[in-house]
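Protein chains in written order, with our numbering: chain A, 18 to 501; chain B, 47 to 359; chain C, 122 to 398. For every residue, glycine included, the Cβ atom is placed at its ideal position computed from N, Cα and C. Given the structure is predicted, the values throughout are model-derived calculations rather than measurements. Report on the structure given below.
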Amino acid sequence: MTNSFEYAPAPESRSVVKIEKDYDLFIGGKFVSASSMKRLATINPATEEILSKVALADSKDVDRAVRAARAALNKSWARTKPKERAKYLYRIARILQERAREFAVLESLDNGKPIRESRDVDIPLAAAHFFYHAGWADKLEFAGFGNRPHPYGVVGQIIPWNFPLLMLSWKIAPALATGNTVVLKPAETTPLTALLFAEVCQQAGLPDGVVNIITGDGTTGAALINHKDIDKVAFTGSTEVGKLIARSIAERGIPATLELGGKGANVVFDDAPIDEAVEGIVNGIFFNQGHVCCAGSRLLLQENIADEFLIRLKDRMAKIRVGDPLDKNTDLGAINSSTQLAKIREISDTGSKEGATLWSAPCSLPSKGFWYPPTIFTGVTQAHRIAREEIFGPVLSILTFRTPQEAMEKANNTPYGLSAGIWTEKGSKILWAAQQLKAGVIWANTFNKFDPASPFGGYKESGWGREGGRHGLAAYLKTGGANS
Amino acid sequence: MQGLIDGSERSLLTFLENLPGVDKVGADSRAAMLGTRSIKTSSKAMAIDLAISMIDLTTLEGADTPGKVRSLAAKAVRPDPTDSSVPSVGAICVYNDMVEIARKYLDEFGGSHIPVAAVSTAFPSGRASMAVKVQDTKDAIAAGASEIDMVIDRGAFLSGRLIEVFEEIREIKEVCSDSAHLKVILETGELATYDNVRRASYLAMLAGADFIKTSTGKVSPAATPSVVLVMLEAVRDFYRLTGKRIGVKPAGGIRTTKDAIKQLVLVNETAGSDWLNPKLFRIGASALLNDLLLQRMKLQTGHYSSSNYVTVD
Amino acid sequence: MRLDVKKTYKLFIGGAFPRSESGRSYEIKNKRGAFIANPAQASRKDLRDAVLAAKNAHPGWSNATAFNRGQILYRIAEMLEGRTSQFVDEIVATTGVTSSVAKQEVSAAIDLWVWYAGWCDKITSVSGNNNPIAGPYYNFTIPESLGVIGIIAEEKESLLGLVRSLAPVIAGGNTSLLIASQSRPLAAITLAEVLATSDLPAGVVNILTGIKTELAPWLASHMEIDGLDLSGIDNIAELRKSGAENLKRIHSFEKHVSPERILSFMEFKTIWHPVGI
């Protein structure tokens, strides 16, 4: 009686994007050679093929970039009327929309995430971020920062590999809208969409040096942070590196926004809309392979519905399609690097050792590339490493609670404070829990939702400051007015 | 009732009220995501033929005539006269007084394996006495209908008289007994909320429905992906509770191959592949068949076809 | 010698370009008294039709996401930019100013349109907020669009004046009917052509040309209109009295440019919800 419905391969074509054999640094509006001959290979984590080789910027290159940003600030950007700044950003937004498919395919190739996600989430949000911030450029006197707020100047920005183009837009759009110029270092394993973005800046006619993109590794990042002529730092990455940066800039006293790690608690109460809650849990930890700082990586399940919920969760997880990121039907793509895969395995292994029970959805994993199946651990307590440490992979740690108060205690029992989820149909309980939770982003009956108008950022060791929305402008503006 | 309720109003209301709620935004989002599945090449070919075999080819017009039903029967048996590899449809669906004609022509054209479904119980409004509704059903079965598509009393449902809705279904099911399978039309467009769709789905299943059906096709919105999702979740969960598989029939608004394939994906990833056959999933449609045939031709020949190459029924 | 194909200037109602149902038109001359065109002279029935179109378009427009409205308004600016020379020609023809003065007006109008486009998804962030209630309640205030707004556009600066009034009204989610400058209506109709090709849903903006003093009283008394921008007409006391019948929100602005113009045609809603388990 059963007709099994297999989905034939539905690959998105690679031909829409042209990847160069190698790339130089984008400084002062042009691609220029780095001072050293060293290059970094960037690979496709689904196949391990080398996609391209990018330059490795050293402190000399960083210096060139900062000087170009400073020159651009003084000579052109500071003199550009706000409404004209806006128009550059609108152009960038529109070009990203025009070239959306190209960027989506490139992002999936370089990062390993499914094309459906890069096509439907990453790229549209990145374009929207530029569009939204374009509109702020000439309205800053209404944003609540005094009637004449001003930019910091030259901003050094470092972004992670999990949402390369999106993180770039979260950094560059508000910085430019508020009148700053930038030097941005993309992540070592995902430089390609940032380099393609440099082309967009050229197509938009952005004045030379307003945006500078320097590829490299950790040494490049350190050189950028420590450069004496940057006025501000913006970093998204691990809490560990965030703390390093906070220490590095302490002497100089320049400000920083830090978007760091998380161990988000997704709390499911017994009066949750169950089917949507299952979806929300799955989305919370398996979206983007769990490479999400605000992932719902802990499930706090009300004990009286735990057994039933777990049956449904496993049933749903068995439907997750793991495989070729360029296949339009893929739900879970490749782990971004062998390093990250090793980290995931290491922490997961402690889960079983410490007494939790592992279950992975049955799926066949390709032989080449870096893969990890969607996995849950049950019988987890707050003492387990898998409940405390950020795994940054498709691994969910499941704990139970008896009362709402207990749920809040457990949810808050972490040095992180980036996100939390609340699942219940009772409105007053949502608002009560939202008040209790020490997290910068709280999703009720949904998860992993982002919008340029919605401020994002964490409490405690999840970082400093907010990105997006009116609040996010504070990262790039000094309050000013008639009396400043 | 499978031991879930005891037949009393109290027991029915308690059961239905204790069902978890449906978050609309979440449900819409899941349905929309499943709508992005890309079904190509061999899976598309399989899906097209499967969809054809699931169609309840329908004519429900005041102006229906024996001639119209005759052409429909011919089309049902042999959707593409130039290609015998095209499967026949799942059923034909007509008004009560056309059942005899439909059965006669189906048998004449070699379609004795194709059931005749009759809409019944004062379709589409359901506004008539129980006696009339029972007679409506008896007439249809006597004329040769082996499937009955009944409507629920939405007025009773929305005003909280759920036990009345329940009893009506039970009574019609008794009339059907072993002669006909019963589809219960919820008219989801009038129920207004997904919570109501969930409750109505369970109510119908508890009362003995063999199939739950979205709509009469006379009211919009009809078989939206979200509504079908909620109904598929209901049959999936009902099976877990009782071991009994109930069928689902979306009807209304499914006009293109793309729409039909989206429905099949919903089934596949919600209730599961056990439901992917005409015994448990039907699609109420008329214009859809030609679009499926055109898409089928395109897969075979590699180019887009035209309406000149499919029959007007 | 090639004759050019001259444009017929009709009304813009519900996304279509009908003539006035009254069949009337009036003459536009240039500064030197030479004939330019016979734009339609709108009647009371045309105004009624326009109000109906605006009313029907309101749920869709106000329920679209603010981001979507912003995108559509920006697209309109892209189309306006493309028609710069057409606007310039029309302004020069009707007012006699030089091309470069006309170009300045057109550029200013486009830039102002872009400015308001960028407000769509920000106006709530600067005017709505959570309110700290002395009790276990979550309380927040949000602005919502009023509904159908009647606009009498500025007489002199036919494009810029129109943008000053129209852009903030629709940025806030309202739909509108606009009575164009009487002596210089051409820019308004060309704007209508832009709107018709810009993804703006039909009925969100409706434009009538005609005799201002004839149309204004009907605008002020129509009970389906929720607000009025009377910047383009003097002596509005009688119009205010008439509008008081359904307490229309009535404003008249000097050449202000500010988010207040958006908020003037919005209502604030405050919502309470208890907090507790």
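Minimum Cβ-Cβ distance from residue i to chain C less than 8 angstroms
i: alanine 470/A; result: yes
i: phenylalanine 514/A; result: Residue 514/A lies beyond the range of chain A shown here (18 to 501); nothing can be said about it.
i: arginine 108/A; result: no
i: lysine 385/A; result: no
i: phenylalanine 159/A; result: yes
The alpha helix (DSSP H) enclosing residue i, as first and last residue numbers
i: aspartate 337/B; result: 334-347
i: leucine 343/A; result: Here leucine 343/A belongs to no alpha helix (DSSP H), and DSSP marks it neither H nor E.
i: methionine 122/C; result: Counting along the chain, methionine 122/C falls outside any alpha helix (DSSP H), and DSSP gives it neither H nor E.
i: histidine 179/C; result: 165-184
i: arginine 569/A; result: An answer regarding residue 569/A cannot be provided, because it is not within the stretch 18 to 501 covered by chain A.
CB contact check: residue i to chain B, cutoff 8 angstroms
i: phenylalanine 286/A; result: no
i: asparagine 346/A; result: yes
i: methionine 18/A; result: Annotation note: pLDDT 43 at methionine 18/A (below 50); position unreliable, no value reported.
i: phenylalanine 22/A; result: yes
i: aspartate 292/A; result: yes
i: alanine 25/A; result: yes
Straight-line gap, residue i to residue j (C-alpha atoms, nearest Å)
i: threonine 216/C; j: lysine 152/C; result: 6 angstroms
i: arginine 149/B; j: histidine 308/A; result: 60 angstroms
i: isoleucine 262/A; j: isoleucine 242/A; result: 7 angstroms
i: leucine 283/C; j: histidine 377/C; result: 12 angstroms
i: alanine 514/A; j: alanine 292/C; result: Past the edges of chain A, shown from 18 to 501, lies residue 514/A, and the structure says nothing about it.
i: isoleucine 67/A; j: threonine 59/A; result: 6 angstroms
i: glycine 259/A; j: alanine 82/A; result: 22 angstroms
i: arginine 342/B; j: valine 135/B; result: 15 angstroms
i: isoleucine 44/A; j: isoleucine 270/C; result: 50 angstroms
i: arginine 140/C; j: alanine 198/C; result: 26 angstroms
i: serine 246/C; j: leucine 113/A; result: 26 angstroms
i: lysine 344/B; j: glycine 348/C; result: 55 angstroms
i: arginine 165/A; j: tryptophan 153/A; result: 13 angstroms
i: glutamate 276/A; j: glycine 474/A; result: 6 angstroms
i: threonine 207/A; j: glycine 438/A; result: 29 angstroms
i: phenylalanine 286/A; j: proline 324/B; result: 38 angstroms
i: phenylalanine 284/B; j: glycine 53/B; result: 17 angstroms
i: proline 395/C; j: proline 264/C; result: 21 angstroms
i: glutamate 276/C; j: asparagine 300/A; result: 56 angstroms
Where the beta strand (DSSP E) containing residue i begins and where it ends
i: alanine 158/C; result: 156-158
i: glycine 226/A; result: Glycine 226/A -> no beta strand (DSSP E), and no H or E assigned at all.
is_contact[residue i, chain A] using C-beta, thresh 8 angstroms
i: asparagine 314/B; result: yes
i: arginine 83/B; result: yes
i: tryptophan 236/C; result: yes
i: histidine 394/C; result: yes
i: glycine 289/B; result: no
i: valine 247/C; result: yes
i: alanine 164/B; result: no
i: alanine 73/B; result: yes
i: glutamate 279/B; result: yes
i: glycine 294/C; result: no
i: leucine 58/B; result: no
i: lysine 86/B; result: yes
Exposure of residue i, with buried meaning 16 or more beta-carbon neighbours within 10 Å
i: glycine 498/A; result: exposed
i: methionine 196/B; result: buried
i: tyrosine 355/B; result: exposed
i: histidine 401/A; result: buried
i: arginine 244/B; result: buried
i: asparagine 159/C; result: exposed
is_contact[residue i, chain D] using C-beta, thresh 8 angstroms
i: serine 265/A; result: Within the model displayed, chain D is absent; protein chains A, B and C are what it includes.
- [ ] Run through the segment 176-256 of chain A for me and flag every whole alpha helix (DSSP H) of 4 or more residues, listed as ranges in chain order.
- [x] 181-194, 209-220, 235-243
Task: Length at least 3, wholly inside the segment 274-360 of chain A: the beta strand (DSSP E) runs in chain order - done: 282-285, 315-319
Task: Length-filtered (3 minimum) beta strand (DSSP E) runs lying within the segment 276-358 of chain C - done: 296-300, 326-329, 348-350
Task: Every unbroken alpha helix (DSSP H) inside the segment 237-276 of chain B [4 residues or more] - done: 240-252
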